[in-house]
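Residue numbers (UniProt numbering): 1 to 556. Cβ coordinates follow ideal geometry from the N, Cα and C atoms, glycine included. Please read these numbers as outputs of a predicted model, since none were measured by experiment.
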Amino acid sequence: MAEVVRMPKMSDTMTEGVIAKWHKKVGDKVNSGDLIAEVETDKATMDFESYQEGTLLYVGPKEGEAVAVDAVIAVLGEEGEDYKALLEGDSSSSSKEEAKEEKEDSPNVEEGASDDAGDDSSSVSAEDLDCTVITMPLLSDTMTEGVIAQWNFKVGDAIKSDDAIADVETDKATMEVTAYAEGTLLYIGVEAGQAAKVNDIIAIVGPEGTDVTPLLKQKSNAPAKASKSEGATQEKTETKQQEEVSSSSDASGASDDSRVKASPLARKIAKDKGINLNDVKGSADGGRIVKKDVENFIPKAKETTSAPAPVSAAASTETKTISLPQYIGEEKYTEQKVSQMRKTIARRLSESLFTAPHFYLTISVDMDNAMEARGQINTVAPVKVSFNDIVIKAVAVALKQHPAVNSSWKGDTIRFNEHVNVGVAMAVEDGLLVPVVRFADGKSLSHISAEVKEYGQKAKAKKLQPSDWEGSTFTVSNLGMFGIDEFTSIINSPDGAILSVGAIQQVPVVKNGAVVPGNVMKLTLGCDHRVVDGATGAAFLQTLKGLLEAPIRLLA
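Next comes the structure, spelled out in structure tokens:
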């Protein structure tokens, strides 16, 4: 009996998959465990094995097409078996939903009936042209758009399925986009340096000489319709604004310099600098004032009119007029396009701050013993161990004793992580990255130091991969190296807490009843109050303080 093969859900965030390549064609025999296709998910390109046996009777989506999770992509059965009833049965429920949506949208449909009638007659799909549409892929779980850093091919070049046709700058790194199609590059939709949203068309590959204009017109048809209504509204708004401006100018009457002949630019500069155009002499035809006249204008000191009555000598000596030179400044600014990384930082941190109720706890740590221990460790360690490496190790050990801090909010549940993956915040040119030291509680100080240094080099070179920054259970942010005494951080969602590490300061401290010089470091724990209570966070900080003040315990 024929059975349908559906698009599997290959990751927890996957909503659809793209058929990167079919390894079987209609009529081929398929055994259980055979590789039938490669599927591009939101995380990676993965092999899809069949759990059924039979002859491949039907293949739905073509290579390069996206398919929703649980949608039918193929049918297996006995050779010659009728499978159409299966496809019709699967589409019956979706057709009911579509009919309901059409009823809800009927007013819009009536308005654009004439336009739609014209579009249906010229409807063209990529399959009709034997072409493959390449869209902007989802290269990370937080990506919403990508910037084409570089095209590796130009229109007219021959493309193979494994060619990297472009480099895309995501919110985390610069990554390659693979074509997964063979043919000639017919169309490039986004120029280098421009951004495209996920699933937007960036290129089309197909047989040489194929005209893809009908396909592009059809793709852009919906946005064009939407822009008509927006354009009409905008025209009305502009007309109304022009009427308001004209009426306000009439009502206000002629100002001091409103009747002076001057170019719009000269008038604007004069207004910004506070210059009355009546005082400026124009150099253009008919005495018209232009930009250079305003820029070269030097205001004259105002003449003081003599008083009608004589002033006594005593009064003139008492009241002295102070004349200040007039300073004319110019307001300037520059604007820079927001990078993909900065957009994601803004979105993720805003979501965290306005969703998770933050509270902060600060504790002071005596670092005398840690400084002495670090000096001894670095005499024998294969790599130089920093204070930040010691903090990471101490945090990992403390988290094993306080699992409530090593947790995250999941809506209806709270996840208590039994493993310890410490995210280390790193500043890069475009913003901030948080690579993860996995299973940090079981690694030595030298191992942690080497790993953090490697992440730092990869971050600066934009070579970090999604596997490097995903999966943290707790985050450490250290600004002590920049001389910051103490600060607070925004939690790196979905973590339940974040530690802010300040600088080691030489301050007077009381030991054994005497005031002596000491080395003190302040730590601030930012907590998500949905999972971490005040007493829980305080207990964690006490344990962390004990480990840093007696670092020999970290080597046990």
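Could you pull out every residue in the same chain whose Cβ sits closer than 8 Å to the Cβ of residue i, ignoring the five residues on either side in sequence?
i, result
"Lys21", "Ala37, Glu38, Glu63, Ser161, Tyr180"
"Ile159", "Phe153, Ile165, Ala179, Ala181, Glu182, Gly183, Thr184, Leu185, Val205"
"Val155", "Leu185, Leu186, Tyr187, Ile188"
"Lys9", "Val69, Asp70"
"Val436", "Asn421, Val422, Gly423, Val424, Asp468, Trp469, Glu470, Gly471, Ser472"
Using three-state DSSP, classify residue i as helix, strand or coil.
i, result
"Gln150", "strand"
"Leu433", "strand"
"Met341", "helix"
"Asp200", "coil"
"Glu335", "coil"
"Ile390", "helix"
"Ala266", "helix"
"Tyr187", "strand"
"Leu129", "coil"
"Glu65", "coil"
"Glu78", "coil"
"Arg530", "coil"
"Phe48", "strand"
"Thr524", "strand"
"Glu552", "Looking at the sequence itself, residue 552 is Ile, so the reference to Glu does not match. Ile552: helix per DSSP, three-state reduction."
"Lys545", "helix"
"Cys167", "Cys is not the amino acid found at residue 167; the sequence shown has Asp there. Three-state DSSP puts Asp167 in a strand."
"Gly17", "strand"
"Ala535", "helix"
"Val260", "coil"
"Leu56", "strand"
"Leu139", "coil"
"Leu216", "helix"
"Ala195", "strand"
"Val294", "helix"
"Leu277", "helix"
"Ala440", "helix"
So residue i packs on residue j, CB below 8 Å; how close in whole Å?
i, j, result
"Trp409", "Gly471", "That pair is no contact at about 16 Å."
"Val67", "Glu16", "6 Å"
"Glu65", "Ser32", "Their Cβ separation, rounded to whole angstroms, is 25 Å, which puts Glu65 and Ser32 out of contact at 8 Å."
"Asp468", "Met341", "At roughly 14 Å, the Cβ-Cβ gap does not stay under 8 Å, so Asp468 and Met341 are not in contact."
"Tyr510", "Val520", "It should be pointed out that residue 510 corresponds to Val in this sequence rather than to Tyr. Contact doesn't hold; Cβ gap of about 12 Å is too wide."
"Thr536", "His358", "Not a contact, Cβ separation roughly 15 Å."
"Val422", "Val476", "6 Å"
"Val75", "Ala149", "In fact, because the Cβ distance is near 41 Å, the residues do not count as touching under 8 Å."
"Asp28", "Glu49", "Not really, about 14 Å apart at Cβ, beyond 8 Å."
"Ala440", "Ile392", "6 Å"
Going by alpha carbons, who is nearest to residue i out of the options?
i, options, result
"Thr174", "Ile188, Gly193, Thr488", "Gly193"
"Ser493", "Glu49, Asn369, Ala346", "Ala346"
"Ala126", "Asp82, Gln376, Thr379, Leu186", "Leu186"
"Gln506", "Ser364, Ser339, Lys281, Ile289", "Ser364"
"Val212", "Leu129, Trp151, Val177", "Leu129"
"Asp389", "Val380, Phe359, Lys453", "Lys453"
"Thr144", "Glu169, Ile448, Gly156", "Glu169"
"Leu445", "Ile377, Lys511, Asn478", "Ile377"
"Asp82", "Ala539, Val4, Phe482", "Val4"
"Gly534", "Met7, Thr45, Thr362, Val26", "Thr362"
"Val260", "Gly282, Glu40, Val420", "Gly282"
"Asp272", "Ile322, Ile289, Pro325, Gly329", "Gly329"
"Val383", "His447, Asp368, Val437", "His447"
"Gly442", "Val280, Glu418, Lys545", "Glu418"
"Ile298", "Pro325, Pro551, Lys320", "Pro325"
"Ser500", "Asn478, Asn512, Gly518", "Asn478"
"Pro214", "Val290, Cys131, Lys268", "Cys131"
"Tyr51", "Pro61, Met7, Thr45", "Met7"
CB-CB under 7 Å to residue i, same chain, minus the five flanking residues each way: which ones, in chain order?
i, result
"residue 620", "No answer is possible for residue 620: the residues shown for the chain start at 1 and end at 556."
"Leu547", "Ala394, Val397, Ala398, Arg553, Leu554"
"Ile414", "Ser407, Val531"
"Lys460", "Val428"
"Arg374", "Val385, Phe387, Ile390"
"Thr344", "Thr142, Asp171"
"Glu208", "Thr184"
"Ser252", "The predicted position of Ser252 is uncertain, since its pLDDT is 45 and thus under 50; a value taken from the coordinates is nonetheless stated next. Excluding residues within five positions, none has a Cβ falling inside 7 Å."
Can you list, in chain order, the residues of its chain with a C-beta nearer than 6 Å to that of residue i? Leave out the 5 residues immediately preceding and following it.
i, result
"Met136", "Gly146, Ala196, Val198, Asp200, Ile202"
"Ile490", "Leu349, Ser352, Leu353"
"Pro466", "Ser140"
"Glu79", "Thr55"
"Cys527", "Phe359, Ala497, Gly537"
"Thr543", "Ala398, Gln401"
"Leu87", "none"
Should residue i be listed as close to the ligand NAD, given that the test is whether its C-beta is under 6 Å from any heavy atom?
i, result
"Val177", "By its list of ligands, the structure shown contains no ligand whatsoever, and the ligand NAD lies outside what it can speak to."
Using a C-beta cutoff of 7 Å, does residue i count as contacting chain D?
i, result
"Gly206", "Judged by its chain identifiers, the structure shown contains no chain D, having just a single protein chain."
Practice prompt. Let me know the beta strand (DSSP E) ranges lying completely inside the stretch 447-522, each 3 residues or longer, listed in chain order.
Written response: Correct list: 474-478, 497-511.
Fill in: beta strand (DSSP E) runs contained entirely in the stretch 344-427, provided each spans 3 or more residues
Runs found: 358-366, 407-409, 414-416, 422-424.
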